[in-house]
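Residue numbers (the working numbering): 4 to 251.
C-beta atoms are modelled at their ideal positions from N, C-alpha and C, and glycine is treated no differently.
What you are looking at is a predicted structure, and each value in this text was computed from that prediction instead of being measured.
These notes are about the structure you will find just below.
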(Lines of atoms letter the chains of each structure in order from A and count residues from 1; the text may use other names and numbers.)
(Lines give C-alpha, C1' and ligand atoms only; values in the text may rest on other atoms or scores of the structure.)
Protein backbone atom coordinates (compact mmCIF):
# COMPACT_ATOMS: atom_id res chain seq x y z
CA UNK A 1 0.00 0.00 0.00
CA UNK A 2 1.64 3.29 -1.06
CA UNK A 3 1.32 6.30 1.22
CA UNK A 4 -2.27 7.56 1.38
CA UNK A 5 -3.06 11.20 2.16
CA UNK A 6 -6.59 12.35 2.81
CA UNK A 7 -7.27 15.82 4.20
CA UNK A 8 -5.72 16.23 7.63
CA UNK A 9 -4.27 12.73 7.81
CA UNK A 10 -1.78 10.53 5.98
CA UNK A 11 -1.38 6.78 6.22
CA UNK A 12 1.74 4.68 5.72
CA UNK A 13 3.34 1.42 6.76
CA UNK A 14 5.96 1.44 9.51
CA UNK A 15 9.39 1.24 7.90
CA UNK A 16 11.83 1.38 10.81
CA UNK A 17 12.21 0.27 14.42
CA UNK A 18 11.52 3.87 15.41
CA UNK A 19 8.17 3.72 13.58
CA UNK A 20 7.21 0.55 15.44
CA UNK A 21 8.28 2.01 18.78
CA UNK A 22 6.09 5.05 18.08
CA UNK A 23 3.13 2.73 17.53
CA UNK A 24 3.94 0.82 20.72
CA UNK A 25 4.03 4.07 22.68
CA UNK A 26 0.66 5.14 21.30
CA UNK A 27 -0.75 1.72 22.17
CA UNK A 28 0.51 2.15 25.72
CA UNK A 29 -1.21 5.55 25.96
CA UNK A 30 -4.46 4.08 24.65
CA UNK A 31 -4.55 0.82 26.61
CA UNK A 32 -2.37 1.61 29.66
CA UNK A 33 -1.53 -2.04 30.34
CA UNK A 34 -0.71 -2.74 33.96
CA UNK A 35 2.59 -4.51 33.28
CA UNK A 36 3.92 -2.71 30.21
CA UNK A 37 7.61 -1.85 30.38
CA UNK A 38 9.14 1.58 29.73
CA UNK A 39 5.94 3.16 28.45
CA UNK A 40 5.36 0.80 25.53
CA UNK A 41 2.92 -1.99 24.72
CA UNK A 42 4.77 -4.77 22.90
CA UNK A 43 4.50 -8.51 22.33
CA UNK A 44 6.02 -11.22 20.19
CA UNK A 45 3.56 -10.74 17.33
CA UNK A 46 4.87 -7.25 16.57
CA UNK A 47 7.80 -8.72 14.63
CA UNK A 48 5.42 -10.74 12.42
CA UNK A 49 2.95 -7.97 11.61
CA UNK A 50 2.67 -5.08 9.21
CA UNK A 51 2.14 -1.89 11.23
CA UNK A 52 -0.10 0.85 9.84
CA UNK A 53 0.45 4.44 11.02
CA UNK A 54 -1.99 7.33 10.65
CA UNK A 55 -0.32 10.72 11.15
CA UNK A 56 -1.40 14.34 11.07
CA UNK A 57 -0.28 15.97 7.83
CA UNK A 58 0.56 19.28 9.49
CA UNK A 59 2.60 17.95 12.42
CA UNK A 60 3.57 14.34 11.51
CA UNK A 61 2.15 13.34 14.92
CA UNK A 62 1.03 9.72 15.15
CA UNK A 63 -2.68 9.71 16.02
CA UNK A 64 -3.82 6.18 15.12
CA UNK A 65 -2.20 2.82 14.52
CA UNK A 66 -3.01 -0.85 14.04
CA UNK A 67 -1.19 -3.97 12.98
CA UNK A 68 -2.02 -6.59 10.38
CA UNK A 69 -1.17 -10.30 10.42
CA UNK A 70 -1.86 -11.72 6.96
CA UNK A 71 -2.37 -15.45 6.42
CA UNK A 72 -2.94 -17.36 3.16
CA UNK A 73 -5.99 -19.10 4.62
CA UNK A 74 -7.51 -20.23 7.91
CA UNK A 75 -5.07 -23.10 8.40
CA UNK A 76 -2.65 -20.67 10.11
CA UNK A 77 -5.20 -18.90 12.30
CA UNK A 78 -3.74 -20.46 15.44
CA UNK A 79 -0.80 -18.01 15.04
CA UNK A 80 -3.11 -15.04 15.63
CA UNK A 81 -3.49 -12.96 18.78
CA UNK A 82 -7.20 -13.81 18.87
CA UNK A 83 -6.44 -17.53 19.07
CA UNK A 84 -4.77 -16.98 22.44
CA UNK A 85 -8.17 -16.16 23.99
CA UNK A 86 -10.77 -17.81 21.74
CA UNK A 87 -11.23 -21.26 20.28
CA UNK A 88 -11.51 -20.24 16.63
CA UNK A 89 -10.67 -23.64 15.21
CA UNK A 90 -13.92 -23.51 13.21
CA UNK A 91 -12.16 -21.03 10.94
CA UNK A 92 -9.21 -23.28 10.09
CA UNK A 93 -11.06 -24.60 7.03
CA UNK A 94 -11.48 -21.11 5.59
CA UNK A 95 -9.80 -21.43 2.22
CA UNK A 96 -9.12 -17.82 1.16
CA UNK A 97 -6.67 -15.14 2.36
CA UNK A 98 -7.44 -13.71 5.79
CA UNK A 99 -5.99 -10.96 7.95
CA UNK A 100 -6.12 -10.17 11.65
CA UNK A 101 -6.35 -6.50 12.55
CA UNK A 102 -5.00 -5.94 16.05
CA UNK A 103 -4.06 -3.27 18.56
CA UNK A 104 -6.24 -0.69 16.81
CA UNK A 105 -6.04 2.50 18.83
CA UNK A 106 -6.49 6.26 18.60
CA UNK A 107 -4.67 9.05 20.36
CA UNK A 108 -6.91 9.67 23.40
CA UNK A 109 -6.53 13.43 22.90
CA UNK A 110 -7.88 13.41 19.33
CA UNK A 111 -11.65 13.63 18.94
CA UNK A 112 -12.28 13.52 15.21
CA UNK A 113 -14.70 11.17 13.47
CA UNK A 114 -12.73 11.50 10.23
CA UNK A 115 -9.76 9.75 11.80
CA UNK A 116 -11.39 6.35 12.05
CA UNK A 117 -12.84 6.76 8.54
CA UNK A 118 -9.36 7.41 7.13
CA UNK A 119 -8.02 4.35 8.99
CA UNK A 120 -10.77 2.18 7.51
CA UNK A 121 -10.13 3.62 4.06
CA UNK A 122 -6.52 2.47 4.38
CA UNK A 123 -7.71 -0.93 5.54
CA UNK A 124 -10.01 -1.11 2.50
CA UNK A 125 -7.10 -0.50 0.14
CA UNK A 126 -5.03 -3.17 1.91
CA UNK A 127 -7.90 -5.67 1.61
CA UNK A 128 -8.32 -4.92 -2.10
CA UNK A 129 -4.60 -5.08 -2.90
CA UNK A 130 -4.11 -8.37 -1.04
CA UNK A 131 -7.36 -10.08 -2.12
CA UNK A 132 -8.37 -10.53 1.53
CA UNK A 133 -11.68 -12.34 2.01
CA UNK A 134 -11.97 -12.39 5.80
CA UNK A 135 -11.01 -9.79 8.41
CA UNK A 136 -10.99 -10.51 12.12
CA UNK A 137 -9.67 -9.33 15.46
CA UNK A 138 -10.50 -8.45 19.05
CA UNK A 139 -12.28 -5.19 19.86
CA UNK A 140 -11.45 -3.76 23.29
CA UNK A 141 -13.83 -2.20 25.79
CA UNK A 142 -12.00 -0.04 28.38
CA UNK A 143 -12.00 -1.33 31.95
CA UNK A 144 -13.07 -4.61 33.49
CA UNK A 145 -16.63 -3.79 34.60
CA UNK A 146 -18.87 -5.70 32.21
CA UNK A 147 -22.01 -4.19 33.74
CA UNK A 148 -20.96 -0.83 32.28
CA UNK A 149 -21.66 -2.36 28.86
CA UNK A 150 -24.86 -4.21 29.69
CA UNK A 151 -26.92 -2.75 26.84
CA UNK A 152 -24.31 -3.30 24.15
CA UNK A 153 -23.63 -6.88 25.27
CA UNK A 154 -27.35 -7.62 25.24
CA UNK A 155 -27.62 -6.14 21.75
CA UNK A 156 -24.71 -8.25 20.51
CA UNK A 157 -26.35 -11.37 21.91
CA UNK A 158 -29.66 -10.60 20.23
CA UNK A 159 -28.53 -9.43 16.79
CA UNK A 160 -24.86 -9.97 15.99
CA UNK A 161 -23.66 -13.45 17.00
CA UNK A 162 -21.41 -15.45 14.68
CA UNK A 163 -22.91 -17.98 12.27
CA UNK A 164 -22.78 -21.57 13.45
CA UNK A 165 -20.09 -22.67 11.00
CA UNK A 166 -17.60 -20.07 12.33
CA UNK A 167 -18.71 -19.79 15.95
CA UNK A 168 -15.86 -18.77 18.32
CA UNK A 169 -15.92 -20.88 21.47
CA UNK A 170 -14.65 -20.36 25.00
CA UNK A 171 -10.94 -20.73 25.61
CA UNK A 172 -9.98 -18.08 28.20
CA UNK A 173 -10.62 -18.84 31.84
CA UNK A 174 -12.23 -15.52 32.73
CA UNK A 175 -15.09 -14.44 30.48
CA UNK A 176 -18.36 -12.51 30.60
CA UNK A 177 -21.23 -14.13 28.67
CA UNK A 178 -23.57 -11.80 26.79
CA UNK A 179 -26.60 -13.94 27.56
CA UNK A 180 -26.42 -12.82 31.19
CA UNK A 181 -27.39 -9.30 30.10
CA UNK A 182 -29.74 -10.31 27.31
CA UNK A 183 -31.77 -12.23 29.90
CA UNK A 184 -32.47 -8.96 31.72
CA UNK A 185 -34.62 -7.62 28.88
CA UNK A 186 -34.40 -5.76 25.61
CA UNK A 187 -31.44 -3.38 25.34
CA UNK A 188 -31.83 0.34 24.73
CA UNK A 189 -30.23 0.84 21.33
CA UNK A 190 -29.26 4.46 22.00
CA UNK A 191 -27.46 3.50 25.19
CA UNK A 192 -25.86 0.53 23.43
CA UNK A 193 -24.44 2.78 20.72
CA UNK A 194 -23.00 5.13 23.35
CA UNK A 195 -21.39 2.19 25.17
CA UNK A 196 -19.96 0.67 22.00
CA UNK A 197 -16.35 1.39 20.95
CA UNK A 198 -16.21 3.25 17.59
CA UNK A 199 -14.27 0.39 16.05
CA UNK A 200 -17.04 -2.09 16.84
CA UNK A 201 -19.73 0.28 15.52
CA UNK A 202 -17.87 0.41 12.22
CA UNK A 203 -17.41 -3.36 12.10
CA UNK A 204 -21.11 -4.00 12.70
CA UNK A 205 -22.17 -1.41 10.11
CA UNK A 206 -20.19 -3.44 7.57
CA UNK A 207 -21.91 -6.70 8.47
CA UNK A 208 -19.55 -8.17 11.07
CA UNK A 209 -20.45 -10.73 13.71
CA UNK A 210 -19.08 -11.41 17.19
CA UNK A 211 -18.43 -14.08 19.80
CA UNK A 212 -21.06 -14.70 22.48
CA UNK A 213 -18.77 -13.56 25.30
CA UNK A 214 -16.11 -11.03 26.22
CA UNK A 215 -12.71 -12.06 27.55
CA UNK A 216 -11.40 -10.35 30.68
CA UNK A 217 -7.87 -9.11 29.97
CA UNK A 218 -6.40 -7.91 33.26
CA UNK A 219 -3.02 -7.20 31.68
CA UNK A 220 -4.53 -4.68 29.24
CA UNK A 221 -7.30 -3.60 31.66
CA UNK A 222 -9.91 -4.29 29.01
CA UNK A 223 -12.71 -6.61 28.03
CA UNK A 224 -12.33 -7.76 24.46
CA UNK A 225 -14.71 -9.33 21.97
CA UNK A 226 -13.82 -11.47 18.96
CA UNK A 227 -15.13 -9.93 15.74
CA UNK A 228 -15.23 -11.42 12.26
CA UNK A 229 -16.13 -9.88 8.91
CA UNK A 230 -16.47 -11.59 5.56
CA UNK A 231 -15.57 -8.98 2.95
CA UNK A 232 -18.39 -10.21 0.72
CA UNK A 233 -20.87 -9.20 3.45
CA UNK A 234 -19.97 -5.49 3.31
CA UNK A 235 -22.85 -3.53 1.74
CA UNK A 236 -21.90 -2.26 -1.76
CA UNK A 237 -22.69 1.35 -0.84
CA UNK A 238 -20.28 1.24 2.10
CA UNK A 239 -17.58 -0.35 -0.05
CA UNK A 240 -17.91 2.48 -2.56
CA UNK A 241 -17.67 5.11 0.18
CA UNK A 242 -14.54 3.56 1.68
CA UNK A 243 -12.87 3.16 -1.72
CA UNK A 244 -13.66 6.79 -2.51
CA UNK A 245 -11.71 7.78 0.62
CA UNK A 246 -8.76 5.66 -0.47
CA UNK A 247 -8.34 6.10 -4.21
CA UNK A 248 -5.83 3.80 -5.86
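Assign residue i to one of two classes, buried (16 or more other C-beta atoms within 10 Å of its C-beta) or exposed (fewer than that).
{"i": "residue 218", "result": "buried"}
{"i": "residue 196", "result": "exposed"}
{"i": "residue 49", "result": "buried"}
{"i": "residue 88", "result": "buried"}
{"i": "residue 58", "result": "buried"}
Just to confirm, is the Cβ distance from residue i to residue j under 8 Å?
{"i": "residue 101", "j": "residue 69", "result": "no"}
{"i": "residue 164", "j": "residue 213", "result": "yes"}
{"i": "residue 227", "j": "residue 198", "result": "no"}
{"i": "residue 106", "j": "residue 56", "result": "no"}
{"i": "residue 117", "j": "residue 171", "result": "no"}
{"i": "residue 67", "j": "residue 122", "result": "yes"}
{"i": "residue 93", "j": "residue 161", "result": "no"}
{"i": "residue 71", "j": "residue 83", "result": "no"}
{"i": "residue 239", "j": "residue 210", "result": "no"}
{"i": "residue 184", "j": "residue 156", "result": "yes"}
{"i": "residue 243", "j": "residue 216", "result": "no"}
{"i": "residue 124", "j": "residue 245", "result": "yes"}
By how many angstroms is the C-alpha of residue j removed from the C-alpha of residue i?
{"i": "residue 96", "j": "residue 75", "result": "12 Å"}
{"i": "residue 253", "j": "residue 54", "result": "The question about residue 253 has no answer here: the residues shown for the chain are numbered 4 through 251."}
{"i": "residue 63", "j": "residue 32", "result": "18 Å"}
{"i": "residue 201", "j": "residue 126", "result": "15 Å"}
{"i": "residue 30", "j": "residue 182", "result": "31 Å"}
{"i": "residue 187", "j": "residue 61", "result": "49 Å"}
{"i": "residue 230", "j": "residue 205", "result": "11 Å"}
{"i": "residue 78", "j": "residue 99", "result": "10 Å"}
{"i": "residue 149", "j": "residue 222", "result": "16 Å"}
{"i": "residue 236", "j": "residue 140", "result": "16 Å"}
{"i": "residue 110", "j": "residue 133", "result": "28 Å"}
{"i": "residue 108", "j": "residue 20", "result": "19 Å"}
{"i": "residue 173", "j": "residue 166", "result": "15 Å"}
{"i": "residue 114", "j": "residue 193", "result": "20 Å"}
{"i": "residue 10", "j": "residue 135", "result": "27 Å"}
Using C-beta distances below 6 Å, list every residue in its chain close to residue i, excluding the 5 sequence neighbours before and after it, in chain order.
{"i": "residue 278", "result": "The requested residue 278 does not occur in the structure, where the chain is confined to residues 4 to 251."}
{"i": "residue 158", "result": "190, 195"}
{"i": "residue 25", "result": "65"}
{"i": "residue 152", "result": "144, 198"}
{"i": "residue 12", "result": "57, 121"}
{"i": "residue 175", "result": "88, 218"}
{"i": "residue 177", "result": "219"}
DSSP has residue i in a bridge; who is on the other side?
{"i": "residue 217", "result": "179"}
{"i": "residue 67", "result": "57, 109"}
{"i": "residue 143", "result": "227"}
{"i": "residue 74", "result": "101"}
{"i": "residue 170", "result": "According to DSSP, residue 170 bridges with nothing at all."}
Going by beta carbon distance, what residues of the same chain come within less than 7 Å of residue i, once the five residues before and after it are set aside?
{"i": "residue 86", "result": "80"}
{"i": "residue 207", "result": "163"}
{"i": "residue 35", "result": "224"}
Report yes or no: is there a C-beta of chain C within less than 8 Å of the C-beta of residue i?
{"i": "residue 240", "result": "The displayed structure is made up of one protein chain only, and chain C is not part of it."}
Please work out which residues of its chain come closer than 8 Å, Cβ to Cβ, to residue i, disregarding the five sequence neighbours upstream and downstream, and give them in chain order.
{"i": "residue 130", "result": "102, 138, 234"}
{"i": "residue 27", "result": "43, 44, 45, 49"}
{"i": "residue 52", "result": "70, 71, 72, 105"}
{"i": "residue 8", "result": "14, 60"}
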